[in-house]
Amino acid sequence: MSAELAIRTRGLTRRFGALTAVDHVDLEIPRRAIYGFLGPNGSGKSTTIRMLCGLLTPSEGEATVLGLEVPRDAEKLRRKLGYMTQRFSLYEDLSVRENLEFLAEIYSLPAAAARARIEVLLDEFQLRDRTEQRAGTLSGGQKQRLALAGATLHEPELLFLDEPTSAVDPQSRRDFWETLYDLVERGTTILVSTHFMDEAERCHGLAILDRGRVVAAGAPDRLMRDIDAAVVEVETDAPRAARTALEASAGVRSVAQVGVRLRALVDPAVTDPAGRLAAALRESRVDARVAPARASLEDVFVAATQRPAEPAP
Amino acid sequence: MSRWRESLGRVAAIAHKELQHLHRDRLTGGMVAGVPLMMTLLFGYAINQDVRHLRAGVADLAGTQSSRWLVADAQATQVIDVVVAARSVHELESLLREGAISVGIAIPHDFERRRGRGDRASAQLLVDGGDPVVLAAVKGLVSLPPSDREGTRHAMVSAPVFELRAYYNPERRSPVHIVPALCGVILTLTLVLFTAVAIVRERERGNLELLITTPVQTPELMLGKILPYVAIGYAQMSLILLLGRVLFDVPIAGNLGSLYLGAGAFVAAALTLGLLISTVAQTQFQAFQMAFVSFLPQILLSGFMFPYDGMPRPAQWLAEVLPLTHFLRIVRGIVLRGATLGDVRAEIYALLIFFSVAFTLALLRFRKRLD
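Below is the structure:
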């Protein structure tokens, strides 16, 4: 079974002084799939990825990556891993081709194979007409394609992408994901961290991280189906008043405004949540239409990340 | 009026913020107090244009009472400290070449007779003319007045006691003194600064995070970063020596191959100092500052600006730690005095020790930085 797992961690923990950045994380990430880390900034996504790459030593716990122990066997893993850092980390004063040639030499690719591979990548990542351009002058989307080309140059089995699309326009983001699916088709395992819901939804599997802990994990649609809350949508002309009324009523965990609508997450123990909220709104003399709704990934995220903070007044 | 007040308020806000930056950046903050402190101490204590206690050797072939008095009188001026007794002028010359002494007093067999005649100098002062400051200080000894002990016997003596023989730079031209030393100073500037900044730049720009996930090993990375600058350093040194030869007619007395070999040890030491700085500094700016702070004592204490012998003991101890001090002895020895590698081996060992210690420290620090 473990042969089918690309990554497996048990109690993986990393502390920086008093701060626990990653707190006993258990993961089972299958091969040949895109697995996502969804979480806000500071939730431990990057730290987890760095531990899995062997860049950081865990304070506690164990991690097996492609059947090898990290950080013990981190050096053996180097050739099998590709890592795309959050910040553009290629050389801005080198050209697109020079950057790729440099990486090819670092990975000891034979000269002929390297040349051929670079030609393939230039076409695949639409960098052909930018070959001699310095990386620093590329646009956000082009830089990101170059970074991914660099990370996949040595055809790694496992690819770590740390918030790869944060500096990229929506069209480039869509193209980028198409490329990721192609890579998975060819047998690559991809671990991607993001704070975009739409990106998280595209993953085959997902772990939601909050303050260093995995608060929910599974396939995105299963997570949405199994959400531990009822979702109620409220349409009103007086959203502020409605919000105050909803937040005051028992069983409501959170209220968020989405355009003209409010989305309320209600404790699953409450029977007929929509009816209960409609009554609460009538009581406060707020005119509103109330209806149950299907959970979105954002709802899952809110439900999963808000609960532990409940004791606050 | 209120426009002025608002404007002043904004100036104050920026000044306050700037102080906060300094407060956060402890290294830069430390420089504010550290640089004047270091400069004052170095210039005040260590730098002494009034040179004293030059290491001297004596070859007293006369061995008479008055020859011993002469040496004692010379010593009493405090300009020289006699550290070696040589048996011949030839031995004095080789001590000079090795750099073991910078002044030699040669008193010939017929010292008494010459003295009696008084028409010409009765003894010789051999000086390493490679350093003009040393030369100037020793000149004062030439007209050493006869001491009281000798009574009236030599009252009629009109010729100076000593004849001065400046070795290695008989015409006393300053380029001869400066150009070889400049090799060391420029190599220090290039090698320390370039390497110090090179690795910090990778870290600052985020390249390092990518590099350490590749199969590159720490020593490979360090070596690869250093090698181009070794070549650049050698090219610079060749250029300086060539310019010195063509424009200023600076002779190269020793073997060029020995010089390049000797320089290798210095290049290694200077580069590892740069590496060490780059493992400590967080930003390129900090690396610049630290490199600058390491230049000051090297340029002031190494013997480039002021003679080593003129400095007090603690400054000399500090100078012994600095790579440039040893390289200047090597380059002046080989270029000016025609010394061999064997003559300057102590300096080469010192540089190799510096290299080993600094490289080990850099490796240890770099490993830690990954975490």
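These protein sequence lines map, in sequence, to chains A and B.
Sequential numbering from -6 applies to the first sequence in my numbering.
Sequential numbering from 91 applies to the second sequence in my numbering.
The C-beta atom is built at its ideal place from N, Cα and C for all residues, glycine as well.
| Item | Value |
| --- | --- |
| Taking its Cβ as the centre, do 16 or more other Cβ atoms sit within 10 Å of THR181/A, making it buried, or is it exposed? | buried |
| Using a Cβ-Cβ cut-off of 6 Å (strictly less than) and excluding sequence neighbours within five positions of GLU292/B, which residues of its own chain qualify? | LEU298 |
| How would you call ARG71/A, buried or exposed, if buried means at least 16 neighbouring beta carbons within 10 angstroms? | buried |
| Checking the sheet assignment: what are the DSSP bridge partners for PRO285/A? | VAL225/A |
| Starting from LEU258/A, trace the beta strand (DSSP E) both ways and give me its first and last residue. | 254 to 259 |
| Is the region 140 to 150 of chain B touching the region 165 to 172 of chain B in the sense that three or more CB pairs, one from each, lie closer than 8 Å? | yes |
| Can you give the Cα-Cα distance for GLU96/B and ALA102/B, rounded to whole angstroms? | 10 Å |
| Could you work out which residues of chain C lie near LEU300/B, taking near to mean beta carbons separated by less than 9 Å? | Considering every chain present, this structure includes no chain C. Its protein chains are A and B. |
| Excluding sequence positions up to five away, which residues of its chain have a Cβ less than 6 Å from the Cβ of ALA231/A? | VAL279 |
| Could you tell me if ASP155/A is buried or exposed, where buried requires 16 or more neighbouring beta carbons within 10 angstroms of its beta carbon? | buried |
| Spell out a yes or no on whether the region 46 to 54 of chain A and the region 2 to 9 of chain A are touching, meaning 3 or more CB-CB pairs, one atom from each, closer than 8 Å. | yes |
| Would you call PHE338/B buried or exposed, if buried means 16 or more other Cβ atoms sit within 10 Å of its Cβ? | exposed |
| Please check if any C-beta of chain A sits within less than 8 Å of the C-beta of PRO126/B. | no |
| So within the region 55 to 104 of chain A, which uninterrupted beta strand (DSSP E) runs reach at least 3 residues, ignoring any that extend past its ends? | 61 to 63 and 74 to 77 |
| May I ask which residues mark the beginning and end of the alpha helix (DSSP H) holding ARG3/A? | From DSSP, ARG3/A is part of no alpha helix (DSSP H) but of the beta strand (DSSP E) over -2 to 9. |
| Verify the CB distance criterion: does LEU93/A have a CB-CB separation below 8 Å to chain B? | no |
| When DSSP labels each residue in this structure, what does GLN250/A get in the three-state scheme? | strand |
| Taking the Cβ atom as the reference point for each residue, do ALA297/A and GLU226/A lie within a distance shorter than 8 Å? | no |
| With DSSP collapsed to three states, give me the class of PRO470/B. | The structure shown does not extend to residue 470/B, since chain B is modelled only from 91 through 461, so no value can be given for it. |
| Which word fits GLU420/B, buried or exposed, when buried means at least 16 other C-beta atoms lie within 10 angstroms of its C-beta? | For the record, residue 420/B in the displayed sequence is Ile; it is not Glu. Its Cβ being crowded by 16 or more others within 10 Å, ILE420/B is buried. |
| Using CA coordinates, which residue listed in SER39/A, VAL63/A, ARG65/A and LYS73/A is at the minimum distance from PRO305/B? | LYS73/A |
| So which residues on chain A does PRO318/B lean against when the C-beta distance must stay under 8 Å? | Residues of chain A passing the Cβ test: none, with the nearest at roughly 14 Å. |
| Beta-carbon separation of LEU139/A and LEU131/A under 8 Å? | yes |
| Closer than 8 Å is the cut-off here; do at least three beta carbon pairs connect the region 333 to 347 of chain B with the region 279 to 291 of chain B? | no |
| Against chain A, with Cβ distances strictly below 8 Å, would ASN297/B count as a contact? | yes |
| Where does LYS107/B land, buried or exposed, given buried means 16+ other C-beta within 10 angstroms? | exposed |
| Specify the secondary structure class of HIS17/A as computed by DSSP and reduced to three states. | strand |
| ARG207/B lies in the beta strand (DSSP E); which residues open and close that run? | Segment 201 to 207 is the alpha helix (DSSP H) holding ARG207/B; no beta strand (DSSP E) there. |
| Can you find a C-beta in chain B that's less than 8 Å from the C-beta of CYS196/A? | no |
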